[in-house]
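A.B. asks: UniProt numbering applies: residue 1 is where the sequence shown begins, and numbers increase by one.
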Amino acid sequence: MHLKEKGVHRFAFYGLPTASGKRWAEEREYAFSQIVAKEKYRGVIYQGQQTAPENWQHAQNRLADWLQTLPPQTGIIAVTDSRARHILQACEHLHIPVPEKLCVIGIDNEELTRYLSRVALSSVAQGARQMGYQAAKLMQRLLDNETLPLQRVLVPPMRVMERRSTDYRSLNDPAVIQAMHYIRNNACKGIKVEQVLDSVGISRSNLEKRFKEEVGETIHAGDPQREAGKGAQPAGVNLTFNQRDITDVRLSIVAVFLFGV
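#1: Can you tell me whether Cys103 is helix, strand or coil according to DSSP?
#2: Reducing DSSP to helix, strand and coil, say where Ser33 ends up.
#3: Once the 5 residues before and after Leu51 are set aside, which same chain residues still bring their CB inside 6 Å of it?
#4: With a CB to CB cut of under 7 Å and the five nearest residues on each side skipped, what residues in its chain are close to Val155?
#5: By Cβ distance below 8 Å, which residues in the same chain neighbour Pro17 in space, the five residues on each side in sequence not counted?
#6: Whose C-beta lies closer than 6 Å to the C-beta of Arg28 among residues of the same chain, with five residues either side of it excluded?
#7: Go to Gly127, then tell me how far its alpha helix (DSSP H) extends in each direction, as first and last residue.
#8: Could you tell me the distance, in whole angstroms, from the CA atom of Val119 to the CA atom of Phe13?
#9: Using 8 Å as the limit for Cβ to Cβ distance, is Tyr46 near chain C?
#10: Can you tell me the Cα-Cα spacing of Glu100 and Leu70, whole angstroms?
#11: Less than 6 Å between C-beta atoms, sequence neighbours within five positions excluded: which residues of the same chain meet that for Arg83?
#12: Cα separation between Lys192 and Ser122?
#13: Between which two residues does the alpha helix (DSSP H) harbouring Ala84 extend?
#14: Considering only DSSP beta bridges, list what Thr74 is partnered with.
#15: Count the other CB atoms, across all protein chains shown, that sit within 10 Å of the CB of Thr147; report buried if there are 16 or more and exposed otherwise.
#16: If I measure Cβ to Cβ from Leu94 and keep anything under 8 Å in the same chain, skipping five residues before and after, which residues do I get?
#17: Can you tell me where the alpha helix (DSSP H) holding Met180 begins and where it ends?
#18: Which partner residues of Gly43 appear in the DSSP bridge assignment?
#19: Below 8 Å between beta carbons: does that hold for Met180 and Asn109?
#20: Is Gly7 buried or exposed, if buried means 16 or more other CB atoms sit within 10 Å of its CB?
#21: Whose C-beta lies closer than 6 Å to the C-beta of Phe257 among residues of the same chain, with five residues either side of it excluded?
#22: Our contact map puts Leu207 next to Ala175 with C-beta atoms below 8 Å; I'd like the distance itself, whole angstroms only.
#23: Which first and last residues belong to the alpha helix (DSSP H) in which Ala62 is found?
#24: State the start and end residues of the unbroken alpha helix (DSSP H) segment that holds Val160.
#25: Tell me the DSSP secondary structure of Ser122 in three-state form.
#26: Quick check on Asp198: buried or exposed, where buried means 16 or more other Cβ atoms within 10 Å of its Cβ?
#27: Can you tell me whether Pro53 is buried or exposed, with buried defined as 16 or more other CB within 10 angstroms of its CB?
#28: According to DSSP, is Arg152 part of a helix, a strand, or is it coil?
This is the structure:
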């Protein structure tokens with residue numbers, strides 16, 4: 001499991017109500033239950049409510065109530081990318097840092113949905129092209145008057161498209177978690193270490209010590225632009241960011257501006 005490889009050992013599933021009549025959702029929930037049982041983990045399942053404009057806020061409130069019952073460092077698998085986005089929105093409202101306290105992954109890898117939240121969504125990419133190819137082959141055999149066996153053709157998912165919502169490293173210190181969350185959310189603003197310290201509310205020496213104990217590195221104090229001018233990459237946890245981090249943040253900002261989410 002992708003989340004297990006990240007060091008996550010608590011799991012939850014956010015599905016759809018049984019009354020929705022979506023068999024594929026029930027199958028995904030069943031698969032989750034089977035996998036966590038096989039791996040000897042305890043899995044928590046919440047089906048939630050069907051969402052519509054008239055009950056949207058009520059459904060989100062109930063989802064928020066459930067999220068607050070989950071222990072830190074829980075990995076949540078959502079039945080679809082849309083349901084995963086509901087989780088990200090609720091976490092933002094509750095000030096629950098993702099992925100520092102909760103990891104979230106969706107299913108289907110919908111191109112638009114993954115950037116409609118401030119935290120870019122990891123998702124399982126389905127083998128949709130292969131599904132279409134297999135369906136076309138079966139159709140051709142039917143047109144050729146062949147008798148087809150009554151068996152299901154299973155097409156496995158392609159792979160996990162890893163993005164920020166599961167970019168998790170096992171952290172336990174609340175101050176380090178808060179600092180990492182602030183850095184992630186302000187990556188493009190030219191922030192300095194002093195601003196990180198203000199957001200956490202502890203001294204520099206205290207945070208340096210906690211970083212060293214938690215991740216084996218120190219938080220870098222220099223000006224990123226000045227360090228870049230020296231031609232040296234500062235060591236440890238610094239305030240320069242890779243292109244993927246910057247792209248994820250910028251695309252999220254564009255989506256918020258265009259779609260008002």
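Note that the Cβ used here is the ideal one computed from N, Cα and C, for glycine as well.
C.D. replies: A quick look at the data gives this:
#1: Numbered from its first residue, the sequence shown carries residue 103 at position 103. Three-state result, Cys103: strand.
#2: By one-based count along the sequence shown, residue 33 stands at place 33. Ser33: helix per DSSP, three-state reduction.
#3: For the purposes of this step, residue 51 is taken as the residue at position 51 of the sequence shown. A quick correction: the sequence has Thr, not Leu, at residue 51. Ala59.
#4: Your numbering for residue 155 matches position 155 in the sequence shown. The beta carbon of Val155 is closer than 7 Å to those of Gly127, Gln130, Met131 and Gln134 in its chain, skipping five residues each way along the sequence.
#5: Numbered from 1 along the sequence shown, position 17 holds the residue referred to as residue 17. Answer for Pro17: Gln47, Gly48, Gln49 and Gln50, listed in chain order.
#6: Numbered from its first residue, the sequence shown carries residue 28 at position 28. Once the five neighbours on either side are set aside, the close Cβ partners of Arg28 are Val79.
#7: Residue numbering aside, residue 127 sits at position 127 when the sequence shown is read from its first letter. Premise fails: Gly127 is in no alpha helix (DSSP H) and is neither H nor E.
#8: Numbered from 1 along the sequence shown, position 119 holds the residue referred to as residue 119. Numbered from 1 along the sequence shown, position 13 holds the residue referred to as residue 13. Near 19 Å, if we compare the C-alpha coordinates of Phe13 and Val119.
#9: The chain labelled as chain C is not found in the depicted structure, where only one protein chain is given.
#10: Within the sequence shown, the letter at position 100 stands for residue 100. Within the sequence shown, the letter at position 70 stands for residue 70. Computed Cα separation, rounded: 13 Å.
#11: On the sequence shown, residue 83 is found 83 positions in, with the first residue counted as 1. Here the set comprises Tyr14.
#12: Here the question's residue 192 lines up with position 192 in the sequence shown. Here the question's residue 122 lines up with position 122 in the sequence shown. Rounded to whole angstroms, Lys192 to Ser122 spans 28 Å at the Cα level.
#13: Within the sequence shown, numbered from 1, the residue matching residue 84 stands at position 84. Here the alpha helix (DSSP H) through Ala84 covers Asp81 to Leu94.
#14: The count along the sequence shown starts at 1 and reaches residue 74 at position 74. BP columns for Thr74 point to Arg10 and Leu102.
#15: Position 147 of the sequence shown, counting from 1, holds the residue named residue 147. With fewer than 16 Cβ atoms within 10 Å of its Cβ, Thr147 is classed as exposed.
#16: In the sequence shown, counting from the first residue as 1, residue 94 sits at position 94. Excluding positions up to five away in sequence, the list reads Ala64, Leu67 and Gln68.
#17: Mapped onto the sequence shown, residue 180 falls at position 180. Start and end: Pro174 to Asn185.
#18: Position 43 of the sequence shown, counting from 1, holds the residue named residue 43. In DSSP, Gly43 forms a bridge with Phe11.
#19: Reading the sequence shown from its first residue, position 180 is the one you call residue 180. Reading the sequence shown from its first residue, position 109 is the one you call residue 109. No, these two residues do not count as a Cβ contact at 8 Å.
#20: Your numbering for residue 7 matches position 7 in the sequence shown. Burial call: exposed.
#21: Start at 1 with the first residue of the sequence shown, and residue 257 comes out as number 257. Reliability fails at Phe257, whose pLDDT of 34 lies under 50, so the model's placement of it is uncertain and no value is given.
#22: Against the sequence shown, residue 207 aligns to sequence position 207. Against the sequence shown, residue 175 aligns to sequence position 175. Going by Cβ atoms, the distance from Leu207 to Ala175 rounds to 6 Å, so yes, they are a contact pair.
#23: Numbered from its first residue, the sequence shown carries residue 62 at position 62. It is worth fixing the name first, because residue 62 is Arg in this sequence and not Ala. Taken as a continuous stretch (DSSP letters only), the alpha helix (DSSP H) holding Arg62 covers Trp56 to Leu67.
#24: Walking along the sequence shown from the start, residue 160 turns up at place 160. Counting along the chain, Val160 falls outside any alpha helix (DSSP H), though it belongs to the beta strand (DSSP E) covering Arg159 to Met161.
#25: On the sequence shown, position 122 is the one that residue 122 refers to. Strand, per DSSP.
#26: Locating residue 198 in the sequence shown gives position 198, where the first residue counts as 1. Exposed: under 16 other Cβ atoms inside 10 Å.
#27: By 1-based counting over the sequence shown, the position of residue 53 is 53. Pro53 is exposed by the Cβ-count criterion.
#28: Stepping through the sequence shown from its first residue, residue 152 is reached at position 152. DSSP places Arg152 in coil when its eight states are reduced to three.
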